[in-house]
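Residue numbers (the numbering used here), protein chains in the order written: chain A, 702 to 870; chain B, 143 to 244.
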């Protein structure tokens, strides 16, 4: 990969990490959701830059189009700003405990990543995942997984509608 | 660029998500942390696919697509549960949902 191509991955990755970190520490839930949306967009661009265009566009459509909207709607429906009793956005381990646990997990993961011989591999020749090949795989080898995921999505969405439905008088 | 850089980015993303899940009090923020961790896993799938010996096999891409579908179902059910809890106890703070506490 050329220098420009490398920056096409690293730049959105930097945006991804900044937006994700901002969404974790934001006090205002709407701001956190918007930062999360920005990190989803950056992650989709990383996927596209790595050659997985189809996954990148699925990421943009499903996460930015659906999941981010769901989260914003849930925030608006629950109106947490009015309902917060404790006055602090942190609980459980608290900000220090959460940061310490996350940092410990990060250290363990990085230790494994940097001690693995696999991770030192140079970048192979540009790969691509053509949509025709993905469609062939979905209808061929992975057709059972496709059907199961369809049943799962239907059941999950019907279940979500039943859960959130107002009780009839 | 090596695989290490992509895996490190993914590890940082996972750590952010873990910190959010463990320390935030709002249930929606917990869900946002879970979404970040799933994003880190998807980035790993794509990174390993990109650096694999045989990228035309498409295994990593398929895993990422199905993982995104499962994450969408998870978000829908999770947010429905949060709305239900808010209706029951008038709060989305995870500490307030303590009916089973002795």
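All C-beta atoms in this analysis are idealised placements derived from N, C-alpha and C, irrespective of residue type, glycine included.
Going by alpha carbons, who is nearest to residue i out of the options?
i, options, result
"residue 715(A)", "731(A), 726(A), 746(A), 729(A)", "746(A)"
"residue 168(B)", "242(B), 243(B), 220(B)", "220(B)"
"residue 849(A)", "229(B), 244(B), 211(B)", "211(B)"
"residue 846(A)", "239(B), 208(B), 223(B)", "208(B)"
"residue 163(B)", "240(B), 185(B), 146(B), 236(B)", "236(B)"
"residue 197(B)", "861(A), 825(A), 856(A), 862(A)", "825(A)"
"residue 157(B)", "174(B), 144(B), 223(B)", "174(B)"
"residue 186(B)", "805(A), 733(A), 766(A), 810(A)", "810(A)"
"residue 229(B)", "742(A), 866(A), 708(A), 854(A)", "866(A)"
"residue 171(B)", "776(A), 863(A), 823(A)", "776(A)"
"residue 147(B)", "831(A), 857(A), 821(A)", "821(A)"
"residue 213(B)", "863(A), 860(A), 854(A)", "854(A)"
"residue 771(A)", "160(B), 203(B), 222(B)", "222(B)"
"residue 155(B)", "762(A), 743(A), 754(A)", "743(A)"
"residue 863(A)", "179(B), 226(B), 242(B)", "226(B)"
"residue 741(A)", "707(A), 808(A), 765(A), 860(A)", "765(A)"
"residue 792(A)", "726(A), 708(A), 731(A)", "726(A)"
"residue 941(A)", "708(A), 710(A), 774(A), 801(A)", "An answer regarding residue 941(A) cannot be provided, because it is not within the stretch 702 to 870 covered by chain A."
"residue 807(A)", "206(B), 203(B), 153(B)", "153(B)"
"residue 819(A)", "201(B), 199(B), 233(B), 194(B)", "194(B)"
Under 9 Å between beta-carbons, which chain B residues line up against residue i? List them in chain order, please.
i, result
"residue 792(A)", "165, 166, 167, 168, 235, 236, 237"
"residue 748(A)", "184, 185, 188, 206"
"residue 921(A)", "Residue numbering for chain A in the displayed model covers 702 to 870; residue 921(A) lies beyond these limits and cannot be assessed."
"residue 852(A)", "Correct list: empty, because the minimum Cβ distance to chain B is about 10 Å."
"residue 742(A)", "Correct list: empty, because the minimum Cβ distance to chain B is about 11 Å."
"residue 752(A)", "188, 191, 192, 197"
Is residue i buried or exposed, if buried means 16 or more other CB atoms sit within 10 Å of its CB?
i, result
"residue 704(A)", "Low local confidence applies: a pLDDT of 49 at residue 704(A) is under 50, so the model's placement there is unreliable, with the coordinate-based value given in what follows. Counting Cβ neighbours within 10 Å, residue 704(A) comes out exposed, since fewer than 16 surround it."
"residue 836(A)", "exposed"
"residue 768(A)", "buried"
"residue 713(A)", "buried"
"residue 751(A)", "buried"
"residue 817(A)", "exposed"
"residue 177(B)", "buried"
"residue 840(A)", "exposed"
"residue 779(A)", "buried"
"residue 165(B)", "buried"
"residue 738(A)", "buried"
"residue 804(A)", "exposed"
"residue 815(A)", "exposed"
"residue 762(A)", "exposed"
"residue 832(A)", "exposed"
"residue 843(A)", "buried"
Secondary structure at residue i, three-state DSSP: helix, strand or coil?
i, result
"residue 232(B)", "coil"
"residue 186(B)", "helix"
"residue 791(A)", "strand"
"residue 702(A)", "With a pLDDT of only 46 at residue 702(A), under 50, the local geometry of the prediction cannot be trusted, and the value read off the model is given with reservation. Of the three classes helix, strand and coil, the one that applies to residue 702(A) here is coil, per DSSP."
Would you mind telling me which residues of chain B sit closer than 8 Å to residue i, beta carbon to beta carbon, in chain order?
i, result
"residue 823(A)", "144"
"residue 796(A)", "165"
"residue 779(A)", "170, 224, 225, 228, 234"
"residue 722(A)", "158"
Applying a beta-carbon distance threshold of less than 8 Å, which residues of chain A neighbour residue i?
i, result
"residue 230(B)", "What residue 230(B) touches in chain A: nothing, since even the nearest Cβ is about 11 Å away."
Would you mind telling me which residues of chain A sit closer than 9 Å to residue i, beta carbon to beta carbon, in chain order?
i, result
"residue 160(B)", "799, 802, 803, 806, 807"
List, in chain order, every chain A residue whose beta-carbon is nearer than 7 Å to that of residue i.
i, result
"residue 242(B)", "Within chain A, no residue comes near residue 242(B); the closest Cβ sits about 16 Å away, beyond 7 Å."
Identify the contact partners of residue i in chain B, using a Cβ-Cβ distance below 7 Å as the criterion.
i, result
"residue 830(A)", "200, 203"
"residue 833(A)", "Per Cβ cutoff of 7 Å: no residues; residue 833(A) is ~11 Å from chain B at best."
"residue 815(A)", "146"
"residue 860(A)", "219"
Runs of alpha helix (DSSP H) lying entirely within the segment 807 to 850 of chain A, each at least 4 residues, in chain order = DSSP runs (the alpha helix (DSSP H)) wholly in the segment 807 to 850 of chain A: 832 to 840.
Which runs of the alpha helix (DSSP H) at least 4 residues long sit entirely within the segment 714 to 783 of chain A? Give them in chain order.
As far as the segment 714 to 783 of chain A is concerned, its whole alpha helix (DSSP H) runs of at least 4 residues are 730 to 750, 754 to 760, 769 to 779.
Unbroken alpha helix (DSSP H) runs of length 4 or more, entirely within the segment 194 to 232 of chain B: which are they? 201 to 231, all fully within the segment 194 to 232 of chain B.
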